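Colleague:
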Amino acid sequence: MLCLELTVNDERVCTAGVPDQGIFGASLMSGSHCGVPPRPGFQLSVTGVQSDQLVEWIDTGVFAGEVVVLRVVESRDADAPRRVYTEQEFQERFGGRSLQAAREEHSGLTKRIRQLEEKWGEQLRLPKDA
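Add 19 to the 1-based position in the sequence shown for the working numbering, that's all there is to it.
Okay, structure coming up:
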């Protein structure tokens, strides 16, 4: 399966991936008060939806001078997520948006991916050595 391998300052942090058309990704968002003590930086997170649950591999601050490398890799196994959110935790983190709404969005995206695969076939797949 395709995975995202994340390293920070030459240290491997995680290899994230979800089987069966799951959705996952990495984000780096600017923020003025990241970390403890708060200081200017970015919030780095790798999250996804797996088996109708929100999962998280990392959610941390990164700061000036740090090197973040995100590499797309092919792997049979991804690292287990560090955290699986409950419905209440999901709502608290995402401002009241329900996990059910996220599941419906995931379902819609999965259907769209299948439609595109049927239409475009192999043209959508990355070569094995890419």
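Positions of the beta carbon are idealized from the N, C-alpha and C atoms, including for glycine.
Keep in mind that this is a model prediction, so the values were computed, not measured.
From Gly80, Ser126 and Trp76, pick the residue whose C-alpha is nearest to that of Pro59; which is it?
Modeller: Position 40 of the sequence shown, counted from the start, is the residue given in the question as residue 59. The option with the nearest alpha carbon to Pro59 is Gly80.
Colleague: I believe Val88 touches Cys22 by the beta-carbon criterion, under 8 Å. Please report the beta-carbon distance rounded to the nearest angstrom.
Modeller: Your numbering for residue 88 matches position 69 in the sequence shown. Your numbering for residue 22 matches position 3 in the sequence shown. That belief does not hold up - the Cβ atoms of Val88 and Cys22 are roughly 14 Å apart, past 8 Å.
Colleague: With respect to the alpha helix (DSSP H) encompassing Arg112, which residues constitute its N-terminal and C-terminal limits?
Modeller: Within the sequence shown, numbered from 1, the residue matching residue 112 stands at position 93. Unbroken alpha helix (DSSP H) run through Arg112: Glu106 to Arg112.
Colleague: Do you know how far the Cα of Pro57 is from the Cα of Asp71?
Modeller: Within the sequence shown, residue 71 is the residue found at index 52, counting from 1. Within the sequence shown, residue 57 is the residue found at index 38, counting from 1. Each residue's CA atom was taken as its position, placing Asp71 and Pro57 some 33 Å apart.
Colleague: On the three-state DSSP scale, how would you describe Ser126?
Modeller: If you number the sequence shown from 1, residue 126 lands on position 107. Helix.
Colleague: According to the Cβ coordinates, are Leu63 and Leu47 closer than 8 Å?
Modeller: Start at 1 with the first residue of the sequence shown, and residue 63 comes out as number 44. Start at 1 with the first residue of the sequence shown, and residue 47 comes out as number 28. Contact: yes.
Colleague: Which residues in the same chain as Ser49 place their Cβ atom closer than 7 Å to its Cβ, once the five residues preceding and following it in sequence are excluded?
Modeller: The count along the sequence shown starts at 1 and reaches residue 49 at position 30. Only Phe61 meet the Cβ criterion.
Colleague: Identify whether Arg131 lies in helix, strand or coil by the three-state DSSP scheme.
Modeller: Taking the sequence shown and counting its residues from 1, the one referred to as residue 131 is at position 112. Three-state DSSP puts Arg131 in a helix.
Colleague: Give, in chain order, every unbroken run of the beta strand (DSSP E) that is at least 3 residues long and sits entirely within the stretch 58–109.
Modeller: 58–69, 72–81 and 87–93
Colleague: Could you tell me if Ala149 is buried or exposed, where buried requires 16 or more neighbouring beta carbons within 10 angstroms of its beta carbon?
Modeller: Residue mapping note: residue 149 aligns to position 130 of the sequence shown, counting from 1. Per-residue confidence for Ala149 stands at a pLDDT of 44, beneath the threshold of 50, marking its modelled position as unreliable; no derived number is given.
Colleague: Would Tyr104 and Arg95 be called neighbours here (beta carbons separated by less than 8 Å)?
Modeller: Taking the first residue of the sequence shown as position 1, residue 104 is located at position 85. Taking the first residue of the sequence shown as position 1, residue 95 is located at position 76. Cβ distance not < 8 Å, so Tyr104 and Arg95 don't count as in contact.
Colleague: Would Gly44 be called buried (16 or more neighbouring beta carbons within 10 Å of its own) or exposed?
Modeller: As a first step, residue 44 is located in the sequence shown; it is residue number 25 there, counting from the start. So Gly44 counts as exposed.
Colleague: Going by DSSP, which residues form a beta bridge with Gly50?
Modeller: Within the sequence shown, residue 50 is the residue found at index 31, counting from 1. The partner list for Gly50 (beta bridge, DSSP) reads Gly60.
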